[in-house]
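**Student:** Numbering (my numbering), first residue to last: 32 to 137. Backbone N, C-alpha and C define an ideal beta-carbon position, used for all residues, glycine too. Take this structure, written in C-alpha cells, and hold onto it; I'll ask about it next.
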Amino acid sequence: MGAKLFKGNPIAGFISGVALIWLFPFLFYLNVVVGETLFPYGIFPSAAGMPSHGLDAGIHLGAVFFIGMIINIILFGMVVYYLIYTILRKYRLSFLTIVKNWEIKK
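Printed below as a string of C-alpha cells:
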C-alpha cells in the first residue's frame with residue numbers, strides 16, 4: 032500500500048515487507064528506547080480526568096514510541112540515503128553493465 036501511495040512498485044514493496052518482517056521486534060524496541068531516553072516517564076503531564084495509572088503509562092508508551100519512531104526515521108533515513116548514494120555513485124557503471132550488456136562510454 033505504501034509503495035503504491037508513493038508511486039513505487041507494489042510487488043517490490045510487498046517482497047521487501049515480507050523479507051524484513053523479522054526486524055519488527057528490534058525496531059519497535061529501538062523506537063521505545065530512543066523515545067524513553069529523550070523523554071523519560073513523568074515528563075509528559077498525566078491526562079486530566081483519567082485517574083488510572085495504567086492508562087497514563089499506556090499513553091506515555093504511545094507518545095514515547097511515536098517520538099522515537101520519528102527520530103529513528105529521520106536518522107536512519109539519512110544514513111541509508113547517504114550509503115546508497117555513495118555506493119551507486121561509485122559502482123553505477125558496473126551496475127548498468129550487469130543489468131544489460133550496454134556499452135557505456137566513460
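1) Would you mind giving the Cβ-Cβ distance between V63 and G99, rounded to the nearest angstrom? I have them listed as a contact below 8 angstroms.
2) Tell me whether the beta-carbon of F45 lies closer than 8 angstroms to the beta-carbon of G66.
3) Among F37, G93 and L51, whose alpha-carbon lies nearest the alpha-carbon of P71?
4) Which two residues bound the contiguous alpha helix (DSSP H) that contains Y60?
5) Specify, as a first and last residue, the run of the alpha helix (DSSP H) that S44 falls within.
6) In whole angstroms, what separates the C-alpha of L124 from that of A50?
7) Excluding the 5 residues preceding and the 5 following G80 in the sequence, name in chain order all residues of the same chain whose CB lies nearer than 8 angstroms to its CB.
8) Quick one: using the 10 Å Cβ neighbour count with 16 as the cut-off for buried, is T128 buried or exposed?
9) Could you check how far apart the C-beta atoms of L61 and N103 are, in whole angstroms? I think they sit under 8 angstroms.
**Tutor:** On the basis of the data shown:
1) By one-based count along the sequence shown, residue 63 stands at place 32. By one-based count along the sequence shown, residue 99 stands at place 68. With a Cβ gap of about 6 angstroms, V63 and G99 count as contacting.
2) Walking along the sequence shown from the start, residue 45 turns up at place 14. Walking along the sequence shown from the start, residue 66 turns up at place 35. Not a contact, by the Cβ cut-off of 8 angstroms.
3) As a first step, residue 71 is located in the sequence shown; it is residue number 40 there, counting from the start. Residue G93 is the option with its Cα nearest to P71.
4) Reading the sequence shown from its first residue, position 29 is the one you call residue 60. It spans F55 to L69 - the alpha helix (DSSP H) in which Y60 sits, taken as one unbroken run.
5) Reading the sequence shown from its first residue, position 13 is the one you call residue 44. With the sequence shown as reference, residue 44 is identified as Gly, and Ser is not the correct amino acid for it. G44 -> alpha helix (DSSP H) spans P41 to A50.
6) Reading the sequence shown from its first residue, position 93 is the one you call residue 124. Reading the sequence shown from its first residue, position 19 is the one you call residue 50. About 28 angstroms.
7) Reading the sequence shown from its first residue, position 49 is the one you call residue 80. Only weak support exists for where G80 lies, its pLDDT of 48 falling under 50; the value from the coordinates is given anyway. Excluding positions up to five away in sequence, the list is empty.
8) Position 97 of the sequence shown, counted from the first residue, corresponds to residue 128. Per the 10 Å Cβ criterion, exposed.
9) Numbered from 1 along the sequence shown, position 30 holds the residue referred to as residue 61. Numbered from 1 along the sequence shown, position 72 holds the residue referred to as residue 103. With 8 angstroms as the limit, L61 and N103 qualify as a contact, their Cβ atoms being about 6 angstroms apart.
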